[in-house]
Structure formats: structure tokens, C-alpha cells
Amino acid sequence: MTTDGRTAEERTPEEQTGEKTADERAAERLSSAPVDDSELDAGSGAGGAAGIGFVGWIRWGWRQLTSMRTALILLFLLSLAAVPGSLVPQVSASPTNVAAFVTKHHTLAPIYQKLGLFHVYSSFWFSAIYILLFVSLAGCIVPRTWQFVGVLRSAPPAAPRHLVRLPVYATWRSRGADSEQTLAAAETLLRRRRFRVARSGDAITSEKGYLREVGNLLFHISLFGMLIAFAFSKLFGGMGTVVVIEGKAFSNNVSQYDDFMPSTFYTGDDLTPFGFKLDKFEASYQASGPQMGNPTMFQANVSYWLGTDPTKTKNAVVQENHPLEVDGSNVYLTAHGYAPVFQVTDAKGDVIYNGPTPCLPQDSNLSSTCAIKVNDGYVDNQGNATQIGLSGIFTPTAATDPASIRTMGPHSVFPDLADPEIYVNAYHGDLGDNSGAPQSIYELDTKHMTQYKLDGQPLTFALKPGQGFKLPSGGTVTFTSVQQWANFTVATNPGSSWALLSSMAAVLGLIGSLFVQRRRIWVRAVTAEDGTTVVELAGLARSESARIAEELAALALDLQDTAPADETAVTDEPDTVAAGTTPKE
Amino acid sequence: MFLADAAIDTRFASISNDLIYSAMAVFLLAFLAYACEWTFGGRSRIARQSAALAGKAGSSVADTVAEAERTAADAGKAPTVAVTVTRAGGGTTTLTRTVAAKAGSVDVVTRGDAAPPVDGVGASGGDERADRLGRIAVSLTTLAVLLDLGAVIARGISAHRPPWGNLYEFTCAMTVVAGLLFVGLLAARKNVRWMGLPLTFGALVGLGIAVTEFYTASEQLVPALHSYWLWIHVSGAMICGGALYAGGIAAVLFFVKDVHESRKAQDPAKAVGWWADVMDRLPAAATLDKWSYRINAFVFPLWTFTIIAGAIWAEAAWGHYWEWDPTETWAFITWVAYACYLHARATAGWKGRKAAVLVFIAFACYLFNAYGVSIFINGKHSYAGV
Ligand code: HEM
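Chains as they are written, first to last, in my numbering: chain A, 1 to 585; chain B, 586 to 971.
So this is what it looks like as C-alpha cells:
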């Protein structure tokens, strides 16, 4: 059986019983798709039989790998293998989720780790599947391309001897024209229909719809293009994220990033010099209705500069979906939140800390957790230096309903700054900054700290802007105002235009491959001794085309001008269903 | 286009809701009418089945050709030439034109073993009253689809934006797509009335779940969706969904019909009863397979394009065109599954029922992507609105 996509109905009996002549076989293959191995095995006798030797085994293996069945299985495996990556947290998407998973599942996590389930898309088994698939693809399209070039360079296949055996067939006998005239007319008509036409003995042979094969090859080759572009982006692209508070600036070098993800060929040295200042962050939210609190707009107003001179700036607006493009890098607005400003004085009354601290949003109303860390400068009323830490929950619009506060704790009821408030607990001791372990800027590590207490009760305050409290060990803490911060991702994606180009080519190729029908039409005209000409038309197309019969009919109709049907043609094939013409006056 | 302060027109929002409920009511009526058509169409079942057992039913190719010749002979009265083509289900088309010379006629013959498959008689089973019910069902479906379409348009007017900004709207719009596809095929005189029952059922289930589980009031969009890619990417996904549903129906029916046909081929005496009769009235397995292939193959490039559009959007929004976000991953899985189906159709030993099973899997992947991922998995796609 061939793998050319035709259903059983389209095969001629000869083909089904395997007795086909060379020219008929040529006539029937409408695709250069690889022949399935069962047929090859029968032909070459290399079906895993003993004694084929090393080279034989290699060839056998290669043939297996490049067979349609293997491609099918590999495709299926690829989709299966992609599933776990959507169910198990991935390091690439969220290292924190992976860490949370690891601490929660003591038995599963090590197994997952071994199987590479936390980085599925770079795991050896996922890579193995797609690499095998692409090797198979290469082994498939290279010979197909050659074969197709061969098809294009040679004439359409010769007409089969028995046209009547082809799927669609028409015949009539004409006294109006001899075979030469008929064939010449048929040739003109077929050319007008943009068939590729050639003469083969007493017949015209023609073919159309090469774009199907072109499309198919283009599609499969574009898949390589996409793979290469993807690999290129991974090797030469990189990104970093940074939180910038209103009024602060960022300049593009590694030390300024909160998180920098380089790649093989994109390191800190490759960063282009530029910078920007977050002038103002604006957001608006639905103020009423069932979706109250849903954001309707975010934007970061920035002034940016190219190079290292921050005096020549241009203004720009960065929004979700509208990154700022600077010198080959894109700056995206990816998150935002609030940064309450605190002022801390020590026992002597000196201001030792004054500044905003970004808080991490916890819900859609932007209830946020904050950790204000006063690392140095604080000296208590005994003259001892210590560190101060404040852990807080910031609410841009504080809940006022006591019942809900009792159940949920302090929380926000609206994301905008309608009634900001922060609940703080104060600690003193060692912030743990110097221990070497990485610390979150949003969390206070209280392991080596003591909470301030008053009469045995933890010291807790709910502060509105402008309010503060006295530290029992001397000095004050004041919540002065609120600023906003925005999180930016700066990314460089070289190769994305290549990915786009090859994916567009893939779509075009698919359209050709799926919607163009490749088909052949033969016309034979033989003038008998009595002067009548027997005209025979036959057509062959792939199963999805129901149109070949109509196409043949239209051609037959047009041929009537030259060779009108005027007598019943006697067919010499007893096994066909009745086919003939009706005499007319 | 995405004015942040554009107010919601609540009048249109409530019109939209009313239209959705009306559409559901009419879909229900249409569904019942199709069900009646299938039921009443079974009344002549005994007669049909015994005729089939005696080998009389259906038109053979020989009959068809004889019929074609008769037609051609009739056409011979005028000075024209006639070319007759035998078509699926035994129907014929005759092309004629006048010619100056003496005129004859030509038949284009499709080989016995390549002849179009013989389809079942249809849901009505040739029963006139059942057929009338079927026609009513088609009219009701058309009405329901128009109401559904009206609802989607009213939504868009009320919110001043594409009416597919959350799962509720997405689902409603998807039922419109599936409905329009069906009505469009009928209008193009394709024989697809068999799809009516499962299609209206799907529309009812879809709208029912949308209204009860996903309902979101007409509102402005979150900033993440403020992009013209919402027009392109999401409408692509939605059109694919509606069409893939139709393709899935065809695949399911192909599967059951194919099982029936092979059982019948083994022992015709066993293939009787109401189920066998329903199966007999469906189009031939080969026809259903062709429909399934055509619809799925038509959607495949569109789905490819939808994914690409999503990737471009992702690059504009997040800085990466592909990051294996769960939604991206499932779109990829769905895509590969459909590619698998297309390959299977071209691979010996994988055609037919095995390929149909791949369609089931692929469509399940699509559904999981559209709903499962939005509901159960937390990704970057902020689409669900639930
Ligand atoms: C990388 C993954 C692959 C994808 C996504 C893919 C996708 C597709 C699609 C969507 C089609 C449908 C077009 C049509 O029916 O004409 C197709 C056809 C085809 N593919 Fe692939 N393919 C892949 C790999 C392969 C491999 C490895 C081979 C070779 C062993 C192959 C050989 C073919 C052939 C021969 C056809 C045409 C079948 C026909 O003539 O109908 N493909 N492919």
C-alpha cells in the first residue's frame, strides 16, 4: 500500500492485488510521501531478517525512523510529554512555586527532581523526542524534496494503457475530428486550465496542483526554521526584572537588576547602555459594579535615555501590551504595587532611615505584605546599636467592617489609595542580612529578632499616613506617605522575527498542502480505419477531491467543439460499468 | 477603541442577556424537533430493514448510470451536448451547452470501486411528516443562531469592545460560530442535516454552562487584554473551537457508523433494531469521515495561525513569544494532536477509526485548554473572569 493519502476506493484493483505495471504505478502516485515500510520490507527483504549485516541494520533503522508510522508515534509522544510541564510547577516559570512544592511534598519532590519534571521542556526525554522527530523529519523531507524536484523536471507520467481503469472516466466516438486535432485541442484546453501538459504517444498527459507538494515541503521545512529560531532566541536572548519606585531610576547593568537571567551568549557584558526613570505610575480601577476593583488601566510614565548620559531624556509611556523599545531591548511593565514611606529616628532623635519600601501584593485588592528593614544607624536608649525590622500589612483601602477583619485579618477592599493604612509589628535584633542566605525583600526573617512588647502584649499599630509610634527602646517610627512601584522586565529576543517569518511560511505551506488538490488528467484519441476517433478522458485525484468528475465533465464539454460525440463508443473493457454515449440526430 | 473610561451601556447588556435566554429556548425547541424527526423517521424502519436485507434498498451504480442515460436522452431533444456526472448519493449533474455541430452526450463514469459511497436516507427516513419536522428544526436552528449572534453583538455594543473578553462571552460566541457553520453549510446545499441534533445539543450545553458557571456582567477589560490581538487571537481560538466541535461530531458519528457498517457486513441479520435503523439513516461512514477530515483540516491552519498570533501577543505583553505557560502548552498539545490526526489519515493502517480516536483526543485537548486550564491551572493568561 502506498501512503499517498488515498482511500481504498481510489485504488485500482491492480494496485490492490499488487499487479501493477510500472506506468500505472507512476500514474497513481500523487504524492512523494514515503512508502510505508511494510511495502519496502517486502520489496527489499530487509525486514529485520538475519544476515543483513551492520549496514543493513543501519538502513533498516533509518527507514524505521523516517517512516510515517514513526513520525506519527513521535508526534503523539511529543504531545504527551508536554503535559506534565503544565501540571507540575516549572523552574523556568516560577522558581518560588517549585520551592513551595519541594517543601510540601517530601517524597514526590526528589522523584520529580530525578525525572526532570521541574524543567520538562529542557529535560533529556523531552529533548530526545523532539530531536528524534526532527531527525525523522529531515530523513523524510530531504528525499521528498529531491523526488519532487525530479517530478518537476520530468514530464507528467505517461498515460496508463487502460484509461478505463482509472477512477473517473469518459469516452465517446467522434466523426468530427481526427486524433491529432483532438489531442491538439485537448492540449490547448488543459493549458488554459493551467495544467502541466505533455504528449505521451497517442495521449496527452497532464497534471496540476503541484502547490500541494510545495506547500507540504514548505510547511515541514518551516518547522526547522521555527526550531532554529527558537534555539537562537534561547542562546542569544536574555532578560532581567527590576522593581522601580516612583521617582527612582534604573540603568541597564547587571548590578541594578533584581533578577537577571542570562543565556549562553548573552551575559552582563552584552547589555546595551540605557536607563530610565519612573516619573509616575498611574492605575485606574472599576469603581462600582460586580467587577468593582478590576483594573481598567495601568501605565508607567517614564523618561529614558540612550547611552550613559542621563541628562538627555525622552518621555515615554509603558503599558501592558505596549513595551518601550530601546536600542534592541524591550521594556515591559509586568507588575505594580505600593511602597509606603517610613521615617525612623533613633533614641537621640536623629533620622536614621527615610524611604519607600516596596510591598508585595497578595490579592486583587492589593493587600500587601511589607518588610521594612533598618540595617544600620539605630542606637537605642542604652547606647547599643541594633537593627530594627517592621513587618507590615499594607492596605490601600482598609477594610472597616470589624467582622471581616476578625475572620480575614487586616485586608484591603479596593486596590486604589482611598484609605491607606498599614498594620505593623516592630522587632529589634539581627535582621540576618549578613548570614549569607538569600533574603526576600518582602519578608522579615525574625529568627534572631525580638518583638517589641508593651505590658506583655506584642506592639501592633494601625497607621494612616502621617501617623507613627514611639519605639520602647527610644526613637520613633512614622508612616509618612505612599508611593507606587512598577516591576519592569527588560528582554532581548533576537531571532523572534525569524520565528515569525518561518511560522508564517508554515501557515502558507499548510494552506497549500491542505487545500490544493493534486490531480492528473489524460486524454487519448485514436482514429480508427473507418475515420471515427475514439476519445477517452480519465482523471485521478486524491480522495478529498470530489471535483475531479466535474472537472473532467467540463473538459469533455469543451472538447465537443472540436470532437463532438455522435455515436456510441464500444468499450473493450468488459469489467466497467456502462459507459457510453447516446446517439442523437 | 479601549477607552478606559468608556461607560458600559447596561441597556444593551440586558438585551444581550435576554437574547441569550431566547436563543437557548429556541435551541431547545430545535433540539426537540430534530429528536422527533429521528424518532418519527424510524416508523418505516421494519419495511426499510427488510428491504435492505433482501438487497433492494439503495441505488446501485448501474441504476445510477441507467438513470443518467435516461436524463441524457431527454436532453437530446434540444441541439445541445450533455455531459452527465454521477455524484454522491446517486444524484447526477448534467452540464449542457449548445454546439454548432451535431450533438451527442457523454457520461462521466466513476468506477464502481471508486464511486461515491451510498449515504443513508437521512433522519426523516423518507417519512413526509418527519421530514417536515426536520425542516422546522432547521428553521428553528437558524432562528436560534441569529438570536445568539444578536446577543453577542449586543454584548460588544454594550462594552465597546470585542465581545469575547472572558469565558462567558467566549463560550457564547463559540456556539454562534458552530451554529453559523452548520447553517452556512445547509445554505450551501450541503447534506449536513444529520449534524443538527448533536449541534443543538452542544449549543444548549455550552450556553447552559456559560450562563450558570461563567456568567460575568458586561464590563471593561483588564489592561492585560487591552490589545488589538484580542480581536485576532481570541476570535481565532473561538472560530476554531466552534468548527472543531462540528468536526468532532462528524468524527464521533463516523466512528459509530463505521462500527455499525462492519457489523452489518459480517452479519446483516444482526444489524436490525432501532439503533441499527438510526445508523442506517446516517450518511455512509466514508462520507462522515470525509466531513470530519474536511472540517478539521480546514481548521488546522487557522489554529496554527491562532497560536502564532498568541505568540506575537505574548511577546508584546510579557517579553517572550513562547514560555510554556500552561495555556501555551495546551495549545501546543492540541496542535500536535491534530497534526497527529492529519498524519494518521495519510498513514496506512491508521486511517478510519484509529484516526477518529485521535480527533476525540485532540478535541478533548482543545476543550481542556479553553476551560480546564483557565479554571484549574494558574498561568499568566488572565482570561477566565471566573
Ligand atoms: C515535526 C513535526 C511534524 C508536524 C507538526 C507535521 C505536520 C503535518 C501536517 C499538519 C500535515 C498535513 C498536511 C497534509 O495532510 O498534506 C503533514 C503531512 C505530512 N507529513 Fe508531517 N509533520 C511533522 C513531521 C513529519 C515527519 C517526521 C514526516 C516524515 C516521516 C512527515 C511526513 C509527512 C507527509 C509525508 C505528509 C503528507 C501526507 C500526505 O501526502 O497527505 N511529517 N504533516
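Even for Gly, the Cβ is constructed at its ideal location relative to N, Cα and C. Keep in mind the model is a prediction, meaning the values are calculated, not measured.
Residue pairing from DSSP leaves V942/B without any beta-bridge partner. The DSSP assignment places complete beta strand (DSSP E) segments of no fewer than 3 residues inside the region 430-511 of chain A at 449-451, 460-463, 468-470 and 476-492, in order along the chain. Nearest to G377/A by C-alpha distance, out of P415/A, H428/A, V534/A and M261/A, is H428/A.
Selection R144/A, P295/A, N321/A and L78/A evaluated against V120/A yields L78/A as nearest (Cα-Cα).
Within the same chain, and ignoring the five residues on either side of A896/B in sequence, the residues whose Cβ sits closer than 7 Å to its Cβ are Y906 and W907. If you compare the alpha carbons of T267/A, F134/A and R196/A with that of R519/A, the shortest gap goes to R196/A. In terms of side-chain proximity, the C-beta atom of C140/A is found nearer than 8 Å to a non-hydrogen atom of the ligand HEM. Boundaries for Y266/A: no alpha helix (DSSP H) harbours it, and the DSSP string shows neither H nor E there. DSSP places E550/A within a helical segment (H, G or I) once states are collapsed to three. Set against 8 Å, the gap from the CB of Y951/B to the closest heavy atom of the ligand HEM is not smaller. Taking a 10 Å sphere around the C-beta of M759/B, we find 16 or more other C-beta atoms and assign the residue as buried. Counting the other CB atoms within 10 Å of its CB gives E180/A a total below 16, which places it among the exposed residues. Straight through space, the alpha carbons of K855/B and T891/B are spaced by roughly 47 Å. DSSP, reduced to helix, strand and coil, places A899/B within a helical segment of the structure shown. Between L927/B and L514/A, the C-beta spacing is below 9 Å. Beta-bridge annotation (DSSP): T695/B is paired with V168/A. DSSP, reduced to helix, strand and coil, places C370/A within a strand of the structure shown. Here N881/B has G832 as same chain residues with Cβ atoms under 6 Å from its own Cβ, once five neighbours each way along the sequence are excluded. A direct Cα-Cα distance of roughly 30 Å separates Y753/B from V507/A. DSSP places E913/B in the uninterrupted alpha helix (DSSP H) bounded by P911 to R930. Chain A places a beta carbon closer than 9 Å to that of W915/B, counting this residue as a contact. At a cut-off of 9 Å between beta carbons, I511/A contacts chain B. Secondary structure of E282/A (DSSP, three-state): strand. Going by C-alpha positions, W62/A is about 14 Å away from I52/A. Taking 8 Å as the upper bound on Cβ-Cβ separation, chain B lies near residues S284, Q286 and G289 of the region 263-289 of chain A.
According to DSSP, T533/A shares a beta bridge with S174/A and T527/A.
Within the same chain, Cβ atoms closer than 7 Å to the Cβ of A316/A are found at V302, Y304 and L324, the five residues on either side in sequence being excluded. In summary, the residues of the region 803-829 of chain B whose CB is separated from some CB of chain A by less than 8 Å are E804, Q805, L806, V807, P808, A809, H811, S812 and W814, in the order they occur in the chain.
For Y353/A, the enclosing beta strand (DSSP E) stretches over residues V351 to P356. Counted as a single uninterrupted DSSP element, the beta strand (DSSP E) harbouring F342/A occupies residues S329 to T345. With a beta-carbon spacing of about 7 Å, I511/A and G215/A fall inside the 8 Å limit used to define contacts. Of S803/B, C621/B and R720/B, the smallest CA-CA separation from R596/B is found for S803/B. Not one heavy atom of the ligand HEM falls within 8 Å of the beta-carbon of F890/B. By alpha-carbon distance to L887/B, the top candidate from R547/A, S503/A, A554/A and V55/A is S503/A.
Contact between N493/A and G237/A holds: CB atoms are separated by about 5 Å, below the 8 Å threshold.
Not flagged as an interface residue toward chain B: E180/A, since no C-beta distance is shorter than 9 Å.
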